[in-house]
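Residue numbers (the numbering used here): 3 to 88.
C-beta: ideal position from N, C-alpha, C; glycine also.
As structure tokens, the structure follows; a few thoughts come after it.
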């Protein structure tokens, strides 16, 4: 990745795993919930950006960001429901 999108992207890659672990430990969920959420985020990111994540920052605007957030929420909910049969 090149250009102005490189800095925020590297920061997000660096801070995401510890942030998810810390958040899940603070609210009392186990690591399986974190794994489901992270997997949903990355698959949604790949689907929304067409396997080029830099598009989320450089050419996508709020439309791609909203699509990514909605797809992530739906995938996380459905997968957790399937795994835990809630």
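Neighbourhood of residue i by C-beta, 8 Å cutoff - its chain only, sequence neighbours within 5 removed
i          : result
residue 40 : 18, 19, 22
residue 32 : 26
Residue span of the alpha helix (DSSP H) that contains residue i, given as start and end
i          : result
residue 15 : 8-29
residue 61 : It is not in any alpha helix (DSSP H) - residue 61 carries neither H nor E in the DSSP assignment.
Close-in-space but distant-in-sequence residues of the same chain around residue i (CB under 7 Å, 5 per side omitted)
i          : result
residue 81 : 38, 42
residue 59 : 7, 10, 11
Inter-residue CB distance, residue i and residue j (contact presumed, cutoff 8 Å)
i          : j          : result
residue 77 : residue 44 : Their Cβ separation, rounded to whole angstroms, is 10 Å, which puts residue 77 and residue 44 out of contact at 8 Å.
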